[in-house]
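Written below as structure tokens is the structure these notes are about.
Residue numbers (UniProt numbering), protein chains in the order written: chain A, 1 to 634; chain B, 1 to 331.
Structure, rendered in structure tokens:
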């Protein structure tokens, strides 16, 4: 009997003033003792809701509307809070998404350990020395003991996440649910935490359900991977099978969005379209509208999750193949996906063209006054580069390395303390307020977070027509017409459908397109894109990268692409600069920097990229139980 | 430690600015109070007799000398608590007049403010703890409804029902004609009788802001990841509600409460007028309508200082209660 058995579980949101949403629909899976199971899916697919349901943490208006959850032989589907309490944390613990916020801000770290020891005296042991035990736990996640006396706001994001992990392991649980535990953390920090997690699991032997949208990480860490789409499981396979022998077209699409930036030829696929609206009922396969290989039957017949390959899959094409007795083949190999973006070596702008923007020996030092003493912090030191028309320069570095400061100097928000930023013949650092206004017409920004970059109370047409009216002096009618053209340019067509929409009516990818359209409005020569895809779902990232690539080619824009993601840098950039602690440590053509990285920091970044299929750092890859349970097909 | 020092410095600087403005503003106003008094006494049509003006000046003790000496004298008098004589209550000094009235206000309003805060916070926390239940609906809807009623209307209704119709309590004043102020049981019970209706009217409307504020803050806190994690940790419900909900939700209300206490001195005009209560609010109204400058000036100064001190205390308290503030300020 498995440790956790979830049978036909459904969760329904019933908000007071809108339609019911079936966020989780008939999900069945199990987690064996000590097994590491990954749950993969895009935002809104119901994976976190499923996680909360398993932990029995759902709050109104969400509620379990069917099925059973059996943990360690005990049905906890209907258990009351009082019945659950002795089980919680002792047997089932969790690390939440964005642990930035999962520690109580007004009590010390020690108290957060102390209160869970106090709540579970039996399991923790009576008369336990809180400082001693909590100290050990912190050391286990490579944190010094004095973190106990600190408040959460005094810790960095990575440290908080380690505390959360130590906390989750405090009572030696049998099962830990990890919900996007490293999302939002720096790649290098993420790598360290995941490695430590793998080691600890090896040591302590707890089972894990690892929820994430990051395919590379999930596949690398997990024994077995569940793929979720539209509230349903669509595939369940051992991790290595997910990489090489995945069956469902959606999995193929997700797989396609991953590639190793060091490869000779790099291409990524994306899945056009949007996830289904779960407040309406659907007849056929939920994925059919986005599926590149769908047939007529997919529109009308809802597939079941049936044994296929070394696990299970929910796809009619796979079902038929199995029924015909032919080996379950991939329903859609990556090359059948029509939406593919490949890193193209074909030249865009000339590498020796006349630069449009030159940064020469620029540095920025901030003065920080604390009490009476003032110290200076050097954010950027002696950085030089040039942006040329039709070319993309990637700026890579971890958070705090000075990437954003450089962007601010280029856009004229900050003045460099040393060196110059020159646009043509103008010295950007010396521009006054009025001149800066004019300058901004030529240099525009695309922000990281498309959710906060648009005024939620204004329509798309308004957002795009502001720069048109301010910078180009267009009248109201003209601006609206131009806004429509721009929307078509960024692939939102027909534009009339989007002009009067408010930001919340658009998906993340659509919003980012609007932000890009707004940046293009004033016909800038330079575009600074600050992590434009890091907040987007994996399956549409490549789509935005392709759009940026097209704009650079068609409009001859010079782009500074800021990122910590080497794959997108490889796909998009002609040259790469690596920044570490404010200094440029590497600078050269993309292929050279990525394939022959010399700087230790660049190597660290490369090493931090997950390698699906490679042996895990914690030990040898163990065979998933599903492999044993399902008879292998010839 | 730096946080507390900085706050103290801030407080001293603002206090000095307030005191100085209180000195400057009357001197920047056009007109001579002495002339104004004489012309009021004699009637507008007649010319002002300079000797009369001089006499009034002597009487009032109008300052002379340069502005700087005046300022220096003013600060000295302030330190000794000497605000001059009240015109209206001549020959009592302003300090005596205010001291008498302050006791009434501080006892009535102070006690009801504290009770309002405690009641409001508890009800708000209870509603948040049982959010989306019937208890929550009753508390939230009830307080929203009462909040829409004008305060003076509630006060008048109370007088009509309990003082005029039922005659349980007197309809106004601080004490009855039969008792004289002093340390006697009779006087205290009489004063208590008189304070019931004003206190009740303050207690009906007082907690509403705290209820709504506390409930909304705490519902938000309980929806945070750390509260969810506390549930996942299997902590007892009460511990979650108190440490992960109320403890954080109360923070903004602490500042609000301190400021409310500080503004007691100036903010009770309405209730004291309706109930004809011998407190500071009524005194303020009187001083304004009688052009009693020394009294007015002293009352304004007291109000300002009250708010400043309250703010200062709130800041210090906030520093103790919320570790985040100490740090953010330092950064």
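Glycine included, every Cβ here is placed at the ideal spot set by N, Cα and C.
Can you pull the chain A residues whose beta carbon is under 8 Å from the beta carbon of residue i, in chain order?
{"i": "residue 226/B", "result": "101, 102, 103, 104 and 105"}
{"i": "residue 234/B", "result": "84, 85, 86, 87, 88, 89, 90, 116, 119 and 120"}
{"i": "residue 3/B", "result": "What residue 3/B touches in chain A: nothing, since even the nearest Cβ is about 11 Å away."}
{"i": "residue 7/B", "result": "Here the premise fails: no neighbours, minimum Cβ distance about 14 Å."}
{"i": "residue 132/B", "result": "60"}
How many Å lie between residue i and residue j at the Cα?
{"i": "residue 624/A", "j": "residue 238/A", "result": "Here residue 624/A scores only 36 on pLDDT, less than 50, and its place in the model should not be relied on; the value that follows carries that caveat. Going from the Cα of residue 624/A to the Cα of residue 238/A covers about 6 Å."}
{"i": "residue 89/A", "j": "residue 75/A", "result": "17 Å"}
{"i": "residue 603/A", "j": "residue 597/A", "result": "6 Å"}
{"i": "residue 560/A", "j": "residue 429/A", "result": "18 Å"}
{"i": "residue 567/A", "j": "residue 500/A", "result": "35 Å"}
{"i": "residue 280/A", "j": "residue 325/B", "result": "47 Å"}
{"i": "residue 134/A", "j": "residue 220/A", "result": "30 Å"}
{"i": "residue 530/A", "j": "residue 412/A", "result": "15 Å"}
{"i": "residue 193/B", "j": "residue 67/B", "result": "50 Å"}
{"i": "residue 94/B", "j": "residue 72/B", "result": "20 Å"}
{"i": "residue 63/A", "j": "residue 458/A", "result": "34 Å"}
{"i": "residue 198/B", "j": "residue 261/B", "result": "17 Å"}
{"i": "residue 46/A", "j": "residue 225/A", "result": "16 Å"}
{"i": "residue 449/A", "j": "residue 546/A", "result": "18 Å"}
{"i": "residue 616/A", "j": "residue 162/A", "result": "With a pLDDT of 41 at residue 616/A, under the threshold of 50, the predicted position of this residue should be treated as unreliable, though the coordinate-derived value follows. Going from the Cα of residue 616/A to the Cα of residue 162/A covers about 20 Å."}
{"i": "residue 2/A", "j": "residue 214/A", "result": "26 Å"}
{"i": "residue 398/A", "j": "residue 149/A", "result": "28 Å"}
{"i": "residue 605/A", "j": "residue 203/A", "result": "27 Å"}
{"i": "residue 30/A", "j": "residue 5/A", "result": "4 Å"}
When you compare the CB of residue i with every CB in chain E, is at least one pair closer than 8 Å?
{"i": "residue 72/A", "result": "Among the protein chains in the structure shown, which are A and B, there is no chain E."}
Sort out for me which residues DSSP pairs residue i with in a bridge.
{"i": "residue 589/A", "result": "575/A"}
{"i": "residue 580/A", "result": "583/A"}
{"i": "residue 444/A", "result": "527/A"}
{"i": "residue 31/A", "result": "4/A"}
{"i": "residue 36/A", "result": "208/A"}
{"i": "residue 71/A", "result": "4/A and 74/A"}
{"i": "residue 64/A", "result": "11/A"}
{"i": "residue 93/A", "result": "176/A"}
{"i": "residue 289/A", "result": "None, per the DSSP bridge assignment."}
{"i": "residue 362/A", "result": "383/A"}
Under 8 Å Cβ-Cβ, which residues of chain B neighbour residue i?
{"i": "residue 93/A", "result": "232 and 233"}
{"i": "residue 57/A", "result": "228, 231 and 232"}
{"i": "residue 210/A", "result": "The premise fails here: residue 210/A is roughly 16 Å from chain B at the closest Cβ pair, so nothing lies under 8 Å."}
{"i": "residue 175/A", "result": "Simply none; closest approach about 12 Å."}
{"i": "residue 447/A", "result": "Within 8 Å Cβ-Cβ: nothing; residue 447/A doesn't reach chain B, min ~24 Å."}
In chain A, which residues lie less than 9 Å from residue i when you measure between Cβ atoms?
{"i": "residue 239/B", "result": "115, 118 and 119"}
{"i": "residue 248/B", "result": "104, 105 and 106"}
{"i": "residue 140/B", "result": "What residue 140/B touches in chain A: nothing, since even the nearest Cβ is about 15 Å away."}
{"i": "residue 243/B", "result": "104, 106, 107, 111 and 115"}
Run through chain B and tell me which residues come within less than 7 Å of residue i, C-beta to C-beta.
{"i": "residue 47/A", "result": "Those within 7 Å of residue 47/A in chain B number zero; the least Cβ separation is about 16 Å."}
{"i": "residue 287/A", "result": "The premise fails here: residue 287/A is roughly 31 Å from chain B at the closest Cβ pair, so nothing lies under 7 Å."}
For the ligand MG, is there any heavy atom lying closer than 7 Å to the beta carbon of residue i?
{"i": "residue 399/A", "result": "Summarising the ligand content, the structure contains no ligands, and the ligand MG is consequently not present."}
Can you name the residues of chain B whose CB is closer than 9 Å to the CB of residue i?
{"i": "residue 206/A", "result": "Within 9 Å Cβ-Cβ: nothing; residue 206/A doesn't reach chain B, min ~15 Å."}
Open item on the list: Give the list of continuous beta strand (DSSP E) stretches no shorter than 3 residues that lie fully inside the stretch 227–280 of chain A.
Closed with: 232–238 and 267–269
Open item on the list: Runs of 3 residues minimum, wholly inside the stretch 385–422 of chain A: which ones carry the beta strand (DSSP E) assignment?
Closed with: 392–396
Task: Near-chain A residues of the stretch 250–273 of chain B - C-beta to any C-beta below 7 Å - done: none
TODO: Quick one: which unbroken alpha helix (DSSP H) runs of 4-plus residues sit fully inside the stretch 116–145 of chain A? Chain order, please.
DONE: 121–124 and 130–140
Task: Contact residues within the stretch 135–158 of chain A, judged by C-beta distance below 9 Å to chain B - done: 151, 152, 153 and 154
TODO: Please list the segments of the alpha helix (DSSP H) lying wholly inside the stretch 536–567 of chain A, counting only runs of 4 or more residues, in order along the chain.
DONE: The DSSP assignment places 538–555 as complete runs of the alpha helix (DSSP H) inside the stretch 536–567 of chain A, in order along the chain (cut-off: 4 residues).
Task: Positions along the stretch 275–295 of chain B whose CB lies within less than 9 Å of some CB in chain A - done: none
- [ ] May I ask you to list, following chain order, the residues of the stretch 299–325 of chain B that have a beta carbon less than 9 Å from some beta carbon of chain A?
- [x] 321, 322, 323 and 324
TODO: Counting only runs of 4+ residues fully inside the stretch 427–496 of chain A, write out the alpha helix (DSSP H) ranges in chain order.
DONE: 433–439, 460–472 and 476–489
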